[in-house]
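Data block below; observations after.
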Amino acid sequence: MKYVIKKIGTMIFTLCVVCFLIFGAFSLIPGDPALSRLGTQATESSLNALREQMGLNRPFLVRFADWFVHALAGDFGTSYSYNMPVSDMILDKVPITITLTLLAFVLIVLVSIPLSIYSVMHENGPVDRGILILNQILMAVPPFFSGMLITFFFGIVLKWFVPGGFVSYKKSFSGFLGYMLFPAIAVALPKIAMTVKLFRKSLLQEKKKEYVRTAYSKGNDSRGVLYGHMMKNALIPVITFLGMVLTDMIAGSIIIEQVFNIPGLGRILMTSISNRDYPVVEAIVLCIAVLVIVVNFLVDVLYHVIDPRMRTE
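Per this note's numbering, the sequence shown starts with residue 859, numbered consecutively.
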């Protein structure tokens, strides 16, 4: 319990620092949001009036304190470009990006763990060698290129889905999941290869240890030793890696959204960056940062629960 409370305190402090860095970074970026909003019709008087209206003339710490307090309440201000609350703009986009990330993560777990176990049980066999070769290929292919190949083969050739034909989860949840499956596969493929490589190596290392020989000497068969003794220890580094993978996919899925024309956080983020719509960009970056911090917190707690050596320390 003390460990969890300590981690929560660390998480809150980290979140405060991240908020300060995000707001500070966008305050230092060259350019004038007021000028970007007015464009060629800008005059000195209109620019000064708009800067005053947007609060850009106030001191940095005052602006940060005001933004931070409102952000804690879920109010990220008003979009410069669309003149509407930022929270309303991104509220419908967050479930799309989270669904894509979680769907890819589920595919990673469901495919990589059984594949790693099969590979270890048939070590140095033709299937094991084929898996190792395929792993090297998949790790070398970036997700956006995999997405292009999937779009061409499954969308254009086989016509299993309509490229660019996104289905909203509000309209049809089954259709939404059916469309999201293909970008999730593109995101998951290189991560599956990495997870298989790591888990296979971890299992083989555990296989050489003394407690495994002792388990065999007590009459356990290969499956009994694998599932009853090796799995829990071998999964410890994999859980840490999967936590890193999940946080990486939260940010990395933004690129895949562009390939598959998914109206998630990625599209609105790119548009807002081009328009220097800082309130929207700050809100999206903060949402991603919060998700990453929360995932890291959960992974640390899970790691602490699974590994008794951590509790002893």
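Backbone N, C-alpha and C fix where the C-beta goes; we use that ideal spot for every residue, glycine too.
Euclidean distance between Cα positions of residue 874 and residue 1150: Looking up residue 874 in the sequence shown gives position 16. Looking up residue 1150 in the sequence shown gives position 292. The straight-line gap from Cα to Cα measures roughly 14 Å.
If you reduce the DSSP assignment to three classes, tell me which class residue 1173 lands in. Because the chain is modelled from 859 through 1171, residue 1173 falls outside the range shown and cannot be assessed.
Does the distance from the CB of residue 1044 to the CB of residue 1013 come in under 8 Å? To locate residue 1044, count along the sequence shown from 1; it is residue 186. To locate residue 1013, count along the sequence shown from 1; it is residue 155. Contact flag unset, no.
Would you tell me roughly how many angstroms separate the C-alpha atoms of residue 940 and residue 1095, rounded to the nearest one? Here residue 940 corresponds to residue number 82 of the sequence shown, with the count starting at 1. Here residue 1095 corresponds to residue number 237 of the sequence shown, with the count starting at 1. Approximately 45 Å between the Cα atoms of the pair.
Grouping DSSP H, G and I as helix and E and B as strand, with all else coil, what is residue 1000? As a first step, residue 1000 must be located in the sequence shown, where it is residue number 142. In the structure shown, residue 1000 sits in coil (DSSP, three-state: anything other than H, G, I, E or B).
Who are the near neighbours of residue 1130 in its chain, counting only those whose CB is closer than 6 Å to its CB and skipping five residues on each side? Translated into the one-based positions of the sequence shown, residue 1130 becomes position 272. 1138 and 1139.
Is it buried or exposed for residue 1182, if we count other Cβ within 10 angstroms and need 16 for buried? In the structure displayed, the chain extends from 859 to 1171; residue 1182 sits before or after that span and is not available.
Residue 1161 versus residue 1101: straight-line alpha-carbon distance, rounded: To locate residue 1161, count along the sequence shown from 1; it is residue 303. To locate residue 1101, count along the sequence shown from 1; it is residue 243. Computed Cα separation, rounded: 10 Å.
Quick one: complete alpha helix (DSSP H) runs, 4+ long, within the region 915-956? If one requires a minimum length of 4 residues, the alpha helix (DSSP H) runs lying completely within the region 915-956 are 918-930 and 944-949, in chain order.
In terms of residue numbering, what span does the alpha helix (DSSP H) encompassing residue 1079 cover? Indexing the sequence shown from 1 puts residue 1079 at position 221. Membership of residue 1079 in any alpha helix (DSSP H) is not indicated, and neither H nor E is assigned to it by DSSP.
CA nearest to the CA of residue 1136, picked from 1040, 948 and 938: What you label residue 1136 is simply residue 278 of the sequence shown in a count that begins at 1. Taking only the C-alpha atoms, the option nearest residue 1136 is 938.
Find the nearest neighbour of residue 1081 within the set 953, 976 and 1022, judged by alpha-carbon distance. Reading the sequence shown from its first residue, position 223 is the one you call residue 1081. Ranking the options by Cα distance to residue 1081, first place goes to 976.
Give me the Cα-Cα distance between residue 880 and residue 886, rounded to the nearest whole angstrom. The residue given as residue 880 occupies position 22 in the sequence shown. The residue given as residue 886 occupies position 28 in the sequence shown. For residue 880 and residue 886, the distance between alpha carbons rounds to 10 Å.
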